[in-house]
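Peer 1: Sequential numbering from -4 applies to the sequence shown in the numbering used here.
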Amino acid sequence: MLRFVMLCLMFGFAHPVIGIEPSREPTAELEPEPAWSVANRPDHFRKKRSFASPGAIEAWSDRVDRVEEGFLFIDGKHIPCPLEIKTDPETGQLHANGIPLWFDDDIGQPRYRRANAEPSRQPRNSQWVQRRLVQSLEGKRVVLAFGQRPAQFVDEVDFFPSLLNPDPTSQPFTDMRDSILDPELQMMVEQWLVSYSPSAELVEAAQVIVDRYDKVASENNAQIAATTTLSRLTYPMTMFGLIVGVYTFGHLMMTTPKSPALYPNANLLEMMSQATVVSVVLICAHAALDLTWTLLTSQAGQMREINPFGAQFLENPRALVAFKAIATLGACGLLIGLRKHRAAQTACWWMCLVCTILTFRWLIFSSMLV
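#1: Measuring CA to CA, which of Ala306, Leu158, Thr222 is closest to Pro193?
#2: How many Å lie between Gly332 and Val316 at the Cα?
#3: Could you tell me which uninterrupted alpha helix (DSSP H) segments, each at least 4 residues in length, are contained entirely in the segment 188 to 253, listed from first to last along the chain?
#4: Hey, could you find the ends of the beta strand (DSSP E) Arg136 is sitting in?
#5: Quick check: what's the CA-CA separation for Trp288 versus Pro231?
#6: Please state whether DSSP places Ala282 in a helix, a strand or coil.
#7: Under a three-way DSSP split, which group does Gln366 fall into?
#8: Could you give the DSSP three-state label for Pro95: helix, strand or coil?
#9: From Leu247 to Cys347, what distance separates their C-alpha atoms?
#10: Apply the 10 Å Cβ neighbour rule to Met363 and answer buried if 16 or more other Cβ atoms are within range, or exposed otherwise.
#11: Could you check what DSSP says for Gln297 in three-state terms: helix, strand or coil?
#12: Going by DSSP, what residue range makes up the alpha helix (DSSP H) through Leu309?
#13: Within the continuous alpha helix (DSSP H) that includes Glu63, where are the two ends?
#14: Assign Ile175 to one of three DSSP states: helix, strand, or coil.
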């Protein structure tokens, strides 16, 4: 306690006023404390900023980006790849294979300092523009440049159908034209596409891209249609599967393979022959239900075939139907022809049981997916 009091007294006498030392003369006047401002504030309160060194800026100015794939059109001419994108260190002008390109000062989305602040007036630097151009060319976008107007980025999904079929009333042409904000540039691009005659190599490359997008669109449409059909037929197929499954299960319980030694007075041959015919009919019903469910769920993207042999037929529904029909009808025909043989009767009974289990499996998975 005594030490604490002594320390307090020492600090109190050493600093009676912050920033002012005590005077030995009792009549000395205290100097007023200077007011702080931005100009005279201490150095340790100043915010330290780091700027890029001139060497780093020169290193970036000498950078050359090489683009192996992409589509660039300058003044209506296709510039084939590879493209060398470089910024002139003196003027900051962007060049592609030595041809100058112009861009907006604030290309892309406006930058904001705060949520309620005005957009930044600082223009995008040449480094950002060069990166943006390279990323657009590599990111499946077409770059159009006419004269000293700012270059325009267009999606290839709209550009290449318009290039192959320059119909101003088509949907791809309309979407591409609407993506261009400058009305004068819209007219220039429209007039250029209508009168442009692309080379054979460009037509071939454009056709490959259009076919790829058409394939994806057709697959998506087929998947949507299959999903709609599956959702509409799920309940009828579920009820049909329940009825057929329960009836088949009861039929199998009543017509189990019997030994003649246990039933000497019964006409087992005639009884088991009739049961085999009924079992064959039920097998065909289960096979039809399995085929329908397989086609709908695979086309809807809700099932993946792990059997490598069966997975080859999922991409071709007609081949799958033909394969299932030949295999099922061939096996059922053999069972009908050999229905009076005990081995065929036993095989038909077990085959009908397996088909019933598969139907119940479909019912369970269908309920889980719904």
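Note that beta-carbon positions come from the ideal geometry of N, C-alpha and C, so glycine has one too. Every value quoted in this text rests on a predicted model; they were computed, and no experiment measured them.
Peer 2: Taking the geometry as given:
#1: In the sequence shown, counting from the first residue as 1, residue 193 sits at position 198. The option with the nearest alpha carbon to Pro193 is Leu158.
#2: Here residue 332 is taken as the residue at index 337 of the sequence shown, counted from 1. Here residue 316 is taken as the residue at index 321 of the sequence shown, counted from 1. C-alpha separation (whole angstroms): 24 Å.
#3: 195 to 249
#4: Within the sequence shown, the letter at position 141 stands for residue 136. Element bounds for Arg136: 136 to 140.
#5: Numbered from its first residue, the sequence shown carries residue 288 at position 293. Numbered from its first residue, the sequence shown carries residue 231 at position 236. When rounded, the distance between both Cα atoms is 12 Å.
#6: Here residue 282 refers to the residue found at position 287 of the sequence shown. In the structure shown, Ala282 sits in a helix (DSSP, three-state: H, G or I).
#7: Only positions -4 to 365 of the chain appear in the structure, and residue 366 is not among them; the question remains open.
#8: The sequence position of residue 95 within the sequence shown is 100, counting from 1. Looking at Pro95 - three-state DSSP - the assignment turns out to be strand.
#9: Against the sequence shown, residue 247 aligns to sequence position 252. Against the sequence shown, residue 347 aligns to sequence position 352. Taking the straight line joining both Cα atoms gives about 8 Å.
#10: Against the sequence shown, residue 363 aligns to sequence position 368. With fewer than 16 Cβ atoms within 10 Å of its Cβ, Met363 is classed as exposed.
#11: In the sequence shown, counting from the first residue as 1, residue 297 sits at position 302. Collapsing the DSSP output to three states places Gln297 in coil.
#12: Taking the first residue of the sequence shown as 1, we reach residue 309 at position 314. From DSSP, the alpha helix (DSSP H) with Leu309 extends over 303 to 309.
#13: Reading the sequence shown from its first residue, position 68 is the one you call residue 63. Taken as a continuous stretch (DSSP letters only), Glu63 belongs to no alpha helix (DSSP H), as it is neither H nor E.
#14: Along the sequence shown, read from residue 1 onward, the residue named residue 175 stands at position 180. Coil at Ile175, not helix or strand.
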